[in-house]
Every structure is written in C-alpha cells, then in structure tokens.
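In my numbering, the protein residues as written are 2 to 334.
Every residue gets a Cβ at the ideal spot worked out from N, C-alpha and C, and that includes glycine.
First the structure, in the form of structure tokens, and then the observations on it.
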Amino acid sequence: MANLELRHLRTICAIAEEGSVSKAAARIGVSQPAMTTQLRSIERLIGGDLFERSPSGSVPTELGRSLIRSARVVLDDVKTLLNMGDPKTRPTAETSLVFASMPMLFTGTVVSELAAWIRCAEVRVQTYTAGSGVLDLVASGRADLAVFEWFEGFDQRELNGLEVRALVCEPQFVGLSEDDPLAEADEVELADLARRDWVVPPPEEDGLRIQLRHACDAAGFLPRLTHQVSDARTAMTLTAGGAVCLLQPASIDAGGVVVRPLRGTPLITPVLLALRSDGPWADRRHEIIACVAHAYSTIVPRNRYYAKWWIDHPEHHAELDAALLLPRPSRPQ
C-alpha cells in the first residue's frame, strides 16, 4: 500500500492556499488533471474527502482542515532540519535568516527591515518570553541573531561564538489604570506605588525581579507582587482594574491603561543584540545591526514621554546612534 509522502503534504497545502486545484497545479508546475489525480490518491490514503467544490473554489472539509494543520507543522519542521544542515555550503540567498526575540514592540519592524535589505531565502522569527530562552536559541545555533532584555544571570553565561552589543539602555515605564489618581501626572514617583498590587511575569520569565526589588527598597518599600502573569492581555486587564506593572517605554495608552515614566529613571534595562560570529551571516553582521537599529528608531516617537526622555538622555542610546550610521546593503532586486 502507498504511503503518504512530503509531496502529498505540499499538494494539499498548495490547494488550500491557492483556493483551487488549477491554481495549485500552476504553482507546483504540474497539469490540472495530474493534480486532481494526486488529490484523489491522497484522499484514498486518508480515507475521506479533503476539499469540497464551492462557488469560491476548493474549500477544505473538517478532515481537510485537520490534515492541513498537521501538514504545515511537518513541512515547517522539515524546512528547519534542512536549514540546520551545514548552511555554510549554501549561498546566503538560499539560506533562511532566523531572528529570535522576546516579545518587543519593534520585533515586526526588524523582520520587515531584514526582509527588505538582506538577501536571503526568508526571514523567520521565534519568540520567547524569557531573555534566557532567546539567548539559548542563538547560542546553540538555532537562530542567527537575537534581541532580548538583560536578565539576572546573563553575566555568568558562556558567550563563545557570539558578538553581543547593548543596543540601548531602556527606562522602565509604569502602566496604571486610567482611573488611578497618579495617571494625571506626567511622571510617577516609585514610592507612590507602595500600596499597589503589582503584575509581574512568573519568576522563571522575570529577568528584572531583583532589579525591581532593589529599586523599591531604595524607595522605602517592598513591592506587593500579587499577580504573576505570562500573557500581556491578562496583565493589561489586571492593570486596567487597578494594579500596576512595568512596561516598555514605547508602549502607548490603550485598553484603560496609561503609560507613564518613573521620576528619576530608577529602573533601566539594557536591550541586547546577539549575533553569531560564525555561520552564513558573519560577514553581514554590521548590515544586520544597522537594520535592527533602524527598526528600533521607528518606535521611539510612539510615546511622547519616551521621545522626550530619548532627547534628554543620549548617553543611553549611543550604540544605537552609531549603528544608524552603518551602511545598509542595496535592496535586493
């Protein structure tokens, strides 16, 4: 009996993405009758119809949707395995550039910059909530570059084969309910948050927990770390309800939460950029750094308080300013 093959998975994914057998056939480079015959063979193997004909084209059945989801996972895993196999032997134009990042406001712009300026097969992004996980990806060679916030224990990590730069030293802003009396001010004293409930990441994801405790101790109180939350949506809901949290300084007011700077900047966090000093992108690292710097510069004006802080504290983004002067390559044709 015939077995399901990778070409079969590519066929059903192509039909689903193109919306018709004829368009999928043209994309893959086979005739429509051959594509139809192959689809029927796949359906016999699976034991049911994968698509229904409709006025809008070929629509996946419930069985088809389930198989397509699994097929995409398998094909992505195969692509990852192929990319792991000695990329030095392939031209960079045929190699994927893998970007690892914590969830940051400029992550999407970094991908767009790299895709626009660096000739490669594709740009792929992988995100982790903890900076240590992001660093692990690039240190192990599963990613080519990484952007992450400094975390406790970073200074003890082995960085062999990596070039690490402090892109910018970010102030930590605070998120407050729009109904909080402190939201009326342009700046918030950290000491005024002594009686508030804090929303923080779980300990294994919170790279700033010791830094926060030290800053609060200097302000004369122990923070009430009431809520430990991984996802941003829940954190914002709790903050809108009256708790407080730390936020990236380019964050904007939304969903009942306002974003304010802390007076005196008691919390500053380096945003680090790590690149592999070997591999297919080693000789392009200056151009890649320039792309990341340009991406970050686009988010500074989002928050007027951060834009002002940026002007007042050039010493905290000198590395990024220097990177903005690095030449970028010509756009790929």
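Contact under 8 Å by Cβ, residue i with residue j
| i | j | result |
| --- | --- | --- |
| alanine 236 | valine 200 | yes |
| leucine 276 | glutamate 164 | yes |
| threonine 37 | aspartate 50 | no |
| alanine 195 | phenylalanine 222 | yes |
| alanine 291 | alanine 324 | yes |
| serine 278 | glycine 162 | yes |
| leucine 317 | cysteine 170 | For clarity, residue 317 is histidine in the given sequence; the question names leucine instead. Cβ distance < 8 Å, so histidine 317 and cysteine 170 count as in contact. |
| threonine 238 | aspartate 198 | no |
| valine 175 | leucine 248 | yes |
| arginine 158 | leucine 274 | no |
Host beta strand (DSSP E) of residue i (start-end)
| i | result |
| --- | --- |
| isoleucine 269 | 269-277 |
| glutamate 164 | 163-172 |
| aspartate 198 | 198-201 |
| alanine 147 | 146-150 |
| valine 259 | 258-261 |
| glutamate 123 | 123-128 |
| glutamate 53 | 52-55 |
Residue from the options with nearest C-alpha to residue i
| i | options | result |
| --- | --- | --- |
| glutamate 188 | Leu177, Ala27, Arg197 | Leu177 |
| isoleucine 43 | Leu64, Arg197, Val99, Ala167 | Leu64 |
| phenylalanine 155 | Val135, Pro224, Ala15 | Val135 |
| alanine 151 | Pro281, Pro203, Asp284, Leu268 | The question names alanine, but residue 151 in the sequence shown is tryptophan. With distances taken between Cα atoms, tryptophan 151 lies closest to Leu268. |
| serine 67 | Val79, Asp78, Ile47 | Ile47 |
Assigned exposure category for residue i - 16 Cβ within 10 Å defines buried
| i | result |
| --- | --- |
| threonine 240 | buried |
| lysine 74 | Sequence inspection shows valine at residue 74; the lysine mentioned does not correspond to that position. Result: exposed. |
| aspartate 284 | exposed |
| arginine 45 | exposed |
| valine 1 | The structure shown has nothing for residue 1, since the chain only spans 2 to 334. |
Residue i versus residue j: straight-line alpha-carbon distance, rounded
| i | j | result |
| --- | --- | --- |
| threonine 90 | valine 124 | Note that threonine 90 scores a pLDDT of 45, beneath 50, so its modelled location is shaky; the value from the coordinates is reported in the next line. Roughly 19 Å separates the two Cα atoms. |
| proline 271 | valine 111 | 18 Å |
| asparagine 4 | alanine 116 | 37 Å |
| leucine 263 | valine 99 | 35 Å |
| leucine 321 | valine 293 | 9 Å |
| alanine 220 | glycine 265 | 11 Å |
| leucine 326 | proline 302 | 19 Å |
| aspartate 87 | valine 139 | Interpretation of aspartate 87 is limited by its pLDDT of 49, a score under 50 that renders its predicted location unreliable; no figure is taken from the coordinates. |
| alanine 72 | methionine 105 | 30 Å |
| valine 230 | tryptophan 310 | 28 Å |
Terminal residues of the alpha helix (DSSP H) in which residue i lies
| i | result |
| --- | --- |
| glutamine 33 | 33-47 |
| alanine 337 | Not covered by the structure: residue 337. The range shown for the chain is 2 to 334. |
| glutamine 212 | 210-219 |
| leucine 350 | Absent from the model: residue 350. The displayed extent of the chain is 2 to 334, so no value can be given. |
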